[in-house]
Every structure is written in structure tokens, then in C-alpha cells.
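Step one of this worksheet: look at the structure below.
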Amino acid sequence: MIRTMTATAALILSTGAPVLAGKAEVLSTYADIAAAGYEDSLIKAQELNAAVDALLADPSAATLAAARTAWLESRVPYQQTEVFRFGNPIVDDWEGKVNAWPLDEGLIDYVDASYGGPSDENELAALNVVANTSFTLSGEQIDASEITPDFLEETLHEADAVESNVATGYHAIEFLLWGQDLNGTEHGAGDRPWTDFASGDDCTNQNCERRGEYLKAATSLLVSDLEWMAAQWIEGGEARSALTADESAGIAAILTGMGSLSYGEQAGERMKLGVLLNDPEEEHDCFSDNTHNSHYYDGMGIRNVYNGEYVRVDGSTVSGESLSSLVAEADEGVDAALRADLNQTMIELAQIKTAAEAGFSYDQMLERGNKAGEDLIMSAVGALVTQTRSIERAVTALGLDQIGFEGSDSLDDPDAVFQ
Amino acid sequence: MRLLLALALLCPLTAQAGVKDVVDGHVLPGTARFAKATAQLDVAASADCTAEAIRPAWNDAYDAWLGISHLQLGPIEAKGRALAIAFWPDTRGLVPRALGSLIAAEDPIASNEESFGEVSVAARGLIAMERLLYDEDFAYDAGEYECNLVRAITHDLSRMAVEIDTEWREDFSRTLLTAGEPGNDTFLTSREADQALYTALLTGLEYNADQRIGRPLGSFDRPRPTRAETWRAGRSLRNVTLSLEALNDLTEKFADTDTTWTGLAFADALSVAVDLDDPIFRGVEEPAGWLKVEILQQRIELVESSVEGEIGAALGLAAGFNSGDGD
Chain Y
1 MIRTMTATAA
11 LILSTGAPVL
21 AGKAEVLSTY
31 ADIAAAGYED
41 SLIKAQELNA
51 AVDALLADPS
61 AATLAAARTA
71 WLESRVPYQQ
81 TEVFRFGNPI
91 VDDWEGKVNA
101 WPLDEGLIDY
111 VDASYGGPSD
121 ENELAALNVV
131 ANTSFTLSGE
141 QIDASEITPD
151 FLEETLHEAD
161 AVESNVATGY
171 HAIEFLLWGQ
181 DLNGTEHGAG
191 DRPWTDFASG
201 DDCTNQNCER
211 RGEYLKAATS
221 LLVSDLEWMA
231 AQWIEGGEAR
241 SALTADESAG
251 IAAILTGMGS
261 LSYGEQAGER
271 MKLGVLLNDP
281 EEEHDCFSDN
291 THNSHYYDGM
301 GIRNVYNGEY
311 VRVDGSTVSG
321 ESLSSLVAEA
331 DEGVDAALRA
341 DLNQTMIELA
351 QIKTAAEAGF
361 SYDQMLERGN
371 KAGEDLIMSA
381 VGALVTQTRS
391 IERAVTALGL
401 DQIGFEGSDS
411 LDDPDAVFQ
Chain P
1 MRLLLALALL
11 CPLTAQAGVK
21 DVVDGHVLPG
31 TARFAKATAQ
41 LDVAASADCT
51 AEAIRPAWND
61 AYDAWLGISH
71 LQLGPIEAKG
81 RALAIAFWPD
91 TRGLVPRALG
101 SLIAAEDPIA
111 SNEESFGEVS
121 VAARGLIAME
131 RLLYDEDFAY
141 DAGEYECNLV
151 RAITHDLSRM
161 AVEIDTEWRE
171 DFSRTLLTAG
181 EPGNDTFLTS
191 READQALYTA
201 LLTGLEYNAD
211 QRIGRPLGSF
221 DRPRPTRAET
231 WRAGRSLRNV
241 TLSLEALNDL
251 TEKFADTDTT
261 WTGLAFADAL
271 SVAVDLDDPI
281 FRGVEEPAGW
291 LKVEILQQRI
301 ELVESSVEGE
311 IGAALGLAAG
321 FNSGDGD
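So the protein sequences, as listed, match chains Y and P.
At the far end of the first sequence sits residue 419, using UniProt numbering, and the numbering has no gaps.
At the far end of the second sequence sits residue 327, using UniProt numbering, and the numbering has no gaps.
What follows is the structure in C-alpha cells.
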């Protein structure tokens, strides 16, 4: 802020006319945070990949535990990048490959009998590709004898145009590392035995080799997908160029991403809905019971881009001219309220995380009639809704409210509608 | 975008939105009607809880819900009521699963008025009732557990409808009408109240196009007729028609500006709906039928762009965030 004022003052002195401080610099900070966030996600995915190699080379309780730890760490930077989704079409179009959720996990591997079979919505809900080397898709015979990254990405992912056929990304890997969480709204995560990856007679639940093949293919794919996205945000990358092509549209994109993630996605789809359904499968990271962290780092990501500061996985900081300072120049009250709201959300999300880490896990919070859990989650939902109102006010304060929000194709391109 | 900015620059932003007309002429009659219809449904279920006996009252309640379901602000949004009243779309088949587990366990919560509101929204409200009343897999006789369950659901619905009506009447109307006045923490300016209603209008239109029609359309190569809303009850198209009529009414009350184009667009979409002889969008399975349903979707999208270009531009409004943002 001080730097902004100084820079602005200098400009006023030199040109004699008031100049608004730096949309370009704000966009640059945002893109720098995105680049660092995806690079961190890539680094952690590479570590996960190495841990999966170690697990498959020498299956044991210890190597499975190490792979799970690597997965949990990999979620920390990745969740903080979710704020880039909704404002940036290049991210939104790609995101389904790496973080699609919820999933019908029976597509991938064995599940408990209580899971049920094919549903009205999804004929492949219980396909179990690990156990089947061929299957029928829309009347066509599919060869699944080799589980390769290509097969997962091109054939199995969103097979039959069903979104819950999630064959790739973090949650497919999570399911392979943890297995189903069969504890309902009781404490406890998935409990896949390490012997599910063992060879020969030690192999449990059959097809260990194909299961390992799947895990390796999905992890390799995650690495290559993150490599691609990290490259889009470096200097000259496509995501960065698209963002900075029109400065006002770029600023609006930041706020769109913040608001859409806060309200429709996190407060609504991921948090409120779980409480209303009392369904432990509505947990975002349901196999690993990591949902409290998933929500927490989503919230952190929103705060990062507004305050223009991101703490990397190595502890270093990326920071620069912030959107906050830009809003403050337009309306100090709106900026102060939004900053306070973002902080309040982090406190509410931290309370969920605190309780979960002390043993009151997120699925327990979703139990029917569990008042304490419902209050914890709904307080965070309330804070997210409140911050969304402040984000809308920031949009108005910056005069960006004629820029189309998500879903308003017609606003962006009326010609397409009136043709 | 350029067109809209140009319009915005040309029109002096002196037009006012008719928030009071919306509240008095659209919202309150609608919430009262829904409260009455669900009370009658509850009475019907008390008298005779068999499916045949309560289907007419269920349909009336659904009709009444469509008169206000787009008002996703204030009392309807609060406490998850919108989803508890109508949990749709059910993309993961949770309704049959939640009902099935209550029925299998003969869960005593169905006899507990105070606690029934804690049940999963997938087993509450109008959509869960549709399964019980129209799905053969859930057929039941008087005296079976399902009878109690139906009564619990109708009672819960009636309770929520009364709460919505009361909260609108006694509280939220004033919140909207005193937007921008000291002490109003919800709407800091009168423009924020206008924007909230404008967002509800556009989101409602989008919901009809993307969900009510978009879901059964699926893609040309892979239509999804069983994803239509309440197809078991045979009223998928009726839902679209009634919702469009309600949104048209909202528009007329809301806009004190010239709405020639928007009015024409509504009339056009409604006439396409009337002419479409496909009550549950089953026609999407054939190419010609698919295209006919898609035409209705396009006409609704044309209403959306008319609202944006005509009313949004004149009032200087753009839609805020809505619950459909995200996936």
C-alpha cells in the first residue's frame, strides 16, 4: 500500500495528472502467484510420483504410508490454486482432468457391496476396470488390457459423457491409495491394505498388478497435466497472456474467480450440500478424510490473490502489488470490509480444521442431528457468503460490473445470441 | 459486451427498479400461495396417505413452488430450504438411496415432527415425494411405513412454506425495501437490492435453459430423457412453462423501463413451450424431437439476452454471483 501511494505520488508529480495505480502490476502479481502455485503443485506431484514408484517397487505398509503422506502434501499447494479456475477459461477447461469430484469410484476398482451397481445416471458406476480387461461402452467393445495414461485420459475419463466417471486426477489416486471410507459418519478414513499392491500370493483383492499399473498411470498423468498448466503461467504463457490482454477484464477475472469459488462452489456445492445431505461421500477428500484441509486451503487461495501474497512450499514468499490496494484506492471501506471478511473465513475454516485434527473428523460433522458439526460448517458457509457480497461490492467499486460473470455467454457475446 | 457498454453509455441511468411492486405483486402472493398449497397437501396426506389420493395436491404444491422457486435470496435461500423443498437435479441418485435407507430401517424419525428437518434433503421435499408417489419401485399401501414418511414430508414442507411466507412478510420485505438506509446491513445501497432481484431473474432463466431443458437434452449424440425434472410425474415441460410465466411476472413488476423486446421474447418462448407436444422431453431420443427441445432452450436464452440488453443496460445492472456458479 505504501509503495502504491509512493508510486502514484511520483507519477502525479511527473505528469501533473492523477494516475490510478497499477492494474498491470496487480495482474502481474496474480499471474506470479499462479505460476508459483502450479509449479509447487508440480513439485509435490513429482514427489508423489516417486513415492508411488517406491510403493510399487517394494510394497509395504511403510511405502504405502509414505505415498499417502506425499498425496496429502501435494494437496496443500494445489488447493490454493483453485481460485484460478473460474476466472480463467484455460484453467477451467483443464481442471476436470486433475481435480474432478465427486466420483463413482466403482468405475476404477472393487467396492463394497453397499455401493450398489450401475445407476440411472451412470451405467459404468460399478465397472471396476482394474478387474476387467475389456468392457462395453455405448455398444462398443473397449480393450482395457493395458492401463496407460492415454487409456485413462482418452477412454475412461468421463466415459459415456458422465461426469462422475472420474478416471484421472487427485481423487482417483486418493481412492487407489486409501480405498473406500466405509465408516459412514463415524470417525475413520479409507483403509486399503498395502497388500492390495503386493505381488504373487500376498496380493489381496486380486489384480494387484493392474491396480499398480492404474496408480502409476494416473500419477504420471497428474505430473504431465501440472507441467502443462505451470507452463501456461510463466512469462509468455497462454494463461498469463489471456489474463493481461485487457487489464479491466483481467481484474474482473480475478474477482470472478474469487466470488464463484467462494459462493457457488465452496459454500454451496462442497459445504452446505454435505450438511443438508448428511452424506459422508459429500466430503471433498472423502477417501483420505482430508476435507478440512481441502476447504482450508481453498479459502487461503482466495485470500492469497486478494492480498497479493503466497507462501510457497519451500517457505519463500511471492508477493507484489495487490488487488486489495487497487480496491482501497477506489473505496477504502469496501477494501477493509473484504479483507476482514476473508480473515473471518480463514478463522471459521481453521476451526473446522482444528476440530478435525483433534479427532472430530469432517464426516462426523455431517452426521444427521450433529449440531456441533453443522454449526462449524454452516458458520464457515456464512462467512463465505458474506465475503461474496463484499467481492460484489469490490466489483462495483472498481466499475467492473458490466463485465459478464460466469455463465453469461450472452453478455460477453450478444452477437452470437442475436444472429 | 461492446453493445452493452454502448447501450449503457447512451441511456441515462435514471430508471428505477420496482422493488415494491415485486414484493407486493409477485413475492408475497407467491409465498402465500405456496403456503396454502402445501397446507392442503398436508391435510390431504393426513386424511389419506396413499399415492393416488395425494397426487393432485402434490401437483398443486409443485405448481405453487414454481411461482417462487427462482427467488433464491433471503428466506428461500436460508437454512437450505430451496434444496429441502426440491432436491433437483439429483446427479448422483441420492434421492432413491436416502429414501431406501429410511424405509429399509423403518427409521422412527418419520414419526418425529421436531427432528424430521434433520433428515437428508434427498429424502425430504417435493422430489422425494415424487418417487414415493410415482415410482413403482417405491409403491406402498396404506398402513405401511411409507405412509408415515409421506406425512412427515408433507408436514415438513408445510412448515417450511409457512416460515418462508412469514419471514418474507414480516422481515425480508422490509430488508429489500429499506435498502441503503441506515441499519440495513444486507443491502448497503438501493442498487444492491435491485441487483439481488435482477440476479434472481437471470439465474431463474438460466436454470430453465441449462438444467430443466439442458439436462434431458444431454448432447445430440447422447440425449438423456431420464434426466428430465419430475418425468415420472409427467410434468417436465409444465415446470418450464410455469417457471417462465412466473419469471415473466417478476420482470413486469421489476422493470419500470421499456421492456418491449423482453416481453416479445417471453411471449415467444412461452408459445414455443405451448406448441411443444412433449410433456417429459422424451422426444429428445429422436433427432427431430431433440432439435425441437433445443429450440425452446434457445428461445429462453434469447429472453436472457433481452433482459440483459434491455433491462440490465437501462438500470445499469449486471448479475451478481449465484449458486449455480462453479461446477
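Cβ atoms here follow ideal geometry from the backbone N, Cα and C, with glycine treated the same way.
Within-9 angstroms CB hit, residue i to chain Y
i, result
"P:Thr91", "yes"
"P:Gln297", "no"
"P:Gln195", "yes"
"P:Leu10", "Unreliable placement is indicated for P:Leu10, whose pLDDT of 42 sits below 50; the coordinate value is still reported in the next sentence. No, because no Cβ of chain Y sits closer than 9 angstroms to the Cβ of P:Leu10."
"P:Asn208", "no"
"P:Glu192", "yes"
"P:Gly316", "yes"
"P:Asn322", "yes"
"P:Val293", "no"
"P:Leu201", "no"
"P:Leu244", "no"
"P:Ala267", "no"
"P:Leu176", "no"
"P:Ala98", "yes"
"P:Val19", "no"
"P:Ala227", "With the sequence shown as reference, residue 227 of chain P is identified as Arg, and Ala is not the correct amino acid for it. So, interface residue."
"P:Leu263", "In the sequence under discussion, the amino acid at residue 263 of chain P is Gly, which differs from the Leu named in the question. False, the Cβ-Cβ gap to chain Y never drops below 9 angstroms."
"P:Ile311", "no"
Residues bridged to residue i (per DSSP)
i, result
"Y:Asp363", "According to DSSP, which records beta bridges pairwise, Y:Asp363 is partnered with nothing at all."
"Y:Leu137", "Y:Glu140"
"Y:Glu309", "Y:Ser319"
"P:Ala17", "P:Ala255"
Member of the options whose CA lies at the smallest distance from the CA of residue i
i, options, result
"Y:Gly268", "Y:Leu384, Y:Ala239, Y:Ile142", "Y:Leu384"
"P:Ile295", "P:Arg227, P:Asp278, P:Gly117", "P:Asp278"
"P:Leu66", "P:Gly320, P:Ala161, P:Ser323", "P:Ala161"
"P:Lys79", "Y:Tyr310, Y:Leu326, Y:Lys272", "Y:Lys272"
"P:Gln195", "P:Ala53, P:Val293, P:Ala319", "P:Ala319"
"P:Thr251", "P:Val240, P:Thr241, P:Asn239, P:Phe266", "P:Phe266"
"P:Thr257", "P:Ala105, P:Met129, P:Ile311", "P:Ile311"
"P:Arg97", "P:Ser190, P:Ile153, P:Phe138, P:Thr199", "P:Phe138"
"Y:Glu227", "Y:Leu42, Y:Gly37, Y:Thr388, Y:Ser28", "Y:Leu42"
"Y:Ala253", "Y:Val83, Y:Ala35, Y:Tyr214, Y:Ala70", "Y:Val83"
"Y:Leu27", "Y:Lys44, Y:Leu326, Y:Met378", "Y:Leu326"
"Y:Val275", "P:Leu41, P:Ser111, P:Ile54, P:Val119", "P:Val119"
Sub-9 angstroms separation of residue i and residue j beta-carbons
i, j, result
"P:Leu237", "P:Leu197", "no"
"P:Leu188", "P:Glu304", "no"
"P:Val121", "P:Phe87", "yes"
"Y:Glu121", "P:Gly93", "yes"
"Y:Ala372", "Y:His292", "no"
"Y:Tyr30", "Y:Asn99", "no"
"P:Arg224", "P:Arg215", "yes"
"residue 420 of chain Y", "Y:Leu152", "With chain Y covering 1 to 419 only, the question about residue 420 of chain Y has no answer from this structure."
"P:Trp168", "P:Val27", "yes"
"P:Gly316", "Y:Asp401", "yes"
"Y:Ala230", "Y:Glu39", "yes"
"P:Arg212", "P:Asn248", "no"
"Y:Pro280", "Y:Asp363", "yes"
"Y:Leu366", "Y:Thr185", "yes"
"Y:Asp298", "Y:Leu255", "no"
Test: residue i CB closer than 9 angstroms to a CB of chain P
i, result
"Y:Gly259", "yes"
"Y:Val275", "yes"
"Y:Tyr263", "yes"
"Y:Ile391", "yes"
"Y:Thr396", "yes"
"Y:Ser41", "no"
"Y:Pro280", "no"
"Y:Asp32", "no"
"Y:Asp401", "yes"
"Y:Leu411", "Because Y:Leu411 sits at a pLDDT of 29, beneath the cut-off of 50, its placement in the model cannot be relied upon, and the following sentence gives the value as read from the coordinates. Judged by the 9 angstroms Cβ criterion, Y:Leu411 is in contact with chain P."
Contact list for the stretch 36 to 60 of chain P against chain Y, Cβ threshold 9 angstroms: Against chain Y - using a Cβ distance shorter than 9 angstroms - the stretch 36 to 60 of chain P contributes no residues.
Within 7 angstroms of chain P by C-beta, residues of the stretch 158 to 175 of chain Y in sequence order: Ala161, Ser164
Interface positions of the stretch 112 to 130 of chain P facing chain Y (Cβ-Cβ less than 8 angstroms), listed along the chain: Ser115, Glu118, Val119, Ser120, Val121, Ala122
Chain-ordered residues of the stretch 369 to 390 of chain Y with a beta carbon less than 7 angstroms from chain P: If the cut-off is 7 angstroms between Cβ atoms, the stretch 369 to 390 of chain Y has Gly369, Thr388 near chain P.
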